[in-house]
Every structure is written in C-alpha cells, then in structure tokens.
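Counting in the working numbering, the sequence shown runs from 26 upward without gaps.
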Amino acid sequence: MAASALSVAALLVEIHESGSSFYRFLVWNLFLAWVPVSAALVCQAFARRRTYGFAIGAGVIWLLFFPNAPYMLTDYIHIREMPLTSPLWWDALMLSSFVWTALMLGFFSLYLMQGAWRAHMGRFGSWLLVALALGLGSFGVYLGRFVRLNSWDALLHPRSVAHIIAAQLENPLHQPRLLGVLGLVTGFMLIGYIVVYSLANREPDGGTLG
C-alpha cells in the first residue's frame, strides 16, 4: 500500500510539473494489479473453511486478473509516446515505481495461491501450478498488449475471447512475437518469483523453510 501511494504521489508530481495527465492510466492499471491480491485472499479464506466451490470461483477470478500485474512491464512503451514535457529520467523512475509495485502485488498473490495449492497438492504439485500460472499470465500479457484484450472481456464476452485465443494458438510456431513474449516474460517472472519465494521462506539462521 505504501508503494502504491508513493507511485501515485510521483504521478501527481508529474502531472503538476508537466501539465499533462498522459500517464493517468497507470493508476487504473495499478488498481487492476490489486484485484488478484484480493481474489487470492478470498480464495485462501474459502479454502481454509473447506468451501471449495467458492474457493475455485475466487481462483478463476485470480487467474483472469493475474496477468494485469506483469502487464505493467509493457507500459514502458508509452515513454516513446509521451511529449517531452518532463525529464526522461523522471518518467522512467515514475513508471518503474508502478511496474515494481505491480510485480510485487502479482508475486504476493501467487504466493498466497501457492500456499492454498500446497495444502492440497503438495510442494511439487504447487510448483507445477506456479509454472503453469506464470505461463498463462505471460500469454495474458501478450493478449493485452498486442491483441488488446483485457480481463473484463473474458468475463463479459467469453465466447469471443475463446475464439480469439484459438486463432492465436492455431499456428504458434509461425508467431515469433508470441513465442518471444511467452519465453521472456515467463522466464523473467519465474526467476523473480523464485527469488521472492526464497526470501519469504528464509529462516533467521539463513536456511529456508519447506
């Protein structure tokens, strides 16, 4: 929450000093990165109460909105679109604060979900689901940035989204951009999550928890 507040404060300074509200969309994108955290907390709470139907529903909502966290990595593209009314270093720093916060929210939500998975599937099964979730999240980033779909589309127009996804996956080997995004974003997210997971489970004596 503190990081989110700092990011918004940096944006307000940007708007005040430049007189442009070009980057105001970052606030909405950051809000969407908070949605999977809320869904993961709800899923975890229902799982502990053994109300698995509601837990699965919350888990589906989490999966639909989880790509919004790594999606903010692609917001750096807007630096090229912003009129030069403020220093480039400030725009990069301000953007980075939003991106970093979104990534931490995504990792935290995934950490919560892995805890629920581990309780029912064991450690190995939970890590398989982590890898699968990161791969699907990377595909969601691709759909959001290049196909211009969003999480709400999957809820409001599921059939149309299913047809679009099927078309995108019809000949994946002939789509180098798709393969590049999937490979790079999944690899980056997996390494980043492993680091966060290791730090979160580190014991005071330097060991790691199971």
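We treat Cβ as the ideally placed atom computed from N, Cα and C, and that holds for glycine.
If you draw a straight line from the Cα of Leu-198 to the Cα of Val-67, it is about 38 Å long.
Ile-86 counts as buried, since at least 16 other C-beta atoms from the protein chains shown sit within 10 angstroms of its C-beta. Separation of the CB atoms of Phe-91 and Ala-158 is rounded to 7 Å, and the pair is thereby assigned contact status at 8 Å. The shortest C-alpha to C-alpha distance from Asn-226 to any of Gln-139, Asn-196, Leu-31, Arg-202 is the one to Gln-139. Between Leu-168 and Leu-174, the beta carbon gap of about 4 Å places them in contact (Cβ cut-off 8 Å). Here DSSP, grouped into helix, strand and coil, assigns Arg-173 to coil. Rounded to whole angstroms, Leu-130 and Phe-123 show a C-alpha spacing of 11 Å.
Runs of alpha helix (DSSP H) with 4 or more residues, each lying fully within the stretch 124 to 191, are found at 176 to 181, listed in chain order.
When the beta-carbon positions are compared, Arg-148 and Thr-99 stay at least 9 Å from each other. Put simply, the backbone Cα of Ile-219 is about 19 Å away from that of Pro-61.
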